[in-house]
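Here's the structure, in structure tokens; my notes come after.
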Amino acid sequence: MFKPARAGWWYVDLVEIREQGDTIHVVDHYVDIIVGPPGLPYRVAVARTASVPTDPVPGNDSAATTCTVVTPLLVSCG
Numbered sequence: 701m702f703k704p705a706r707a708g709w710w711y712v713d714l715v716e717i718r719e720q721g722d723t724i725h726v727v728d729h730y731v732d733i734i735v736g737p738p739g740l741p742y743r744v745a746v747a748r749t750a751s752v753p754t755d756p757v758p759g760n761d762s763a764a765t766t767c768t769v770v771t772p773l774l775v776s777c778g
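The opening position of the sequence shown corresponds to residue 701 in my numbering, with each subsequent residue numbered one higher.
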């Protein structure tokens, strides 16, 4: 639940949903984004925490940028 100061924001979680017989499997890909109202700048940072095969250069597995929300479904980064 967002605090009142964050009313109108969107929370997006990237998951994979697979159906296998009578069972539904949900796999969280650990990509979580909070999208604020239009015109509000915010910072996005990502880092890979595990991989197969093992990454030979793990020191370069993160990045960050500043983004501005244009609409709840359109974000401009750069």
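Using N, Cα and C, we set each Cβ at its ideal position, and we do this for glycine too.
The beta-carbon separation of residue 717 and residue 726, rounded to 6 Å, stays under the 8 Å limit for a contact.
Per the coordinates, the alpha-carbon of residue 703 lies some 13 Å from the alpha-carbon of residue 734. Secondary structure of residue 748 (DSSP, three-state): coil. For the pair residue 753 and residue 710, the Cα-to-Cα distance works out to about 34 Å.
Per the coordinates, the alpha-carbon of residue 712 lies some 15 Å from the alpha-carbon of residue 767. Just so you know, the alpha carbons of residue 769 and residue 758 end up roughly 31 Å apart. Residue 731 has 714 as its beta-bridge partners, per DSSP.
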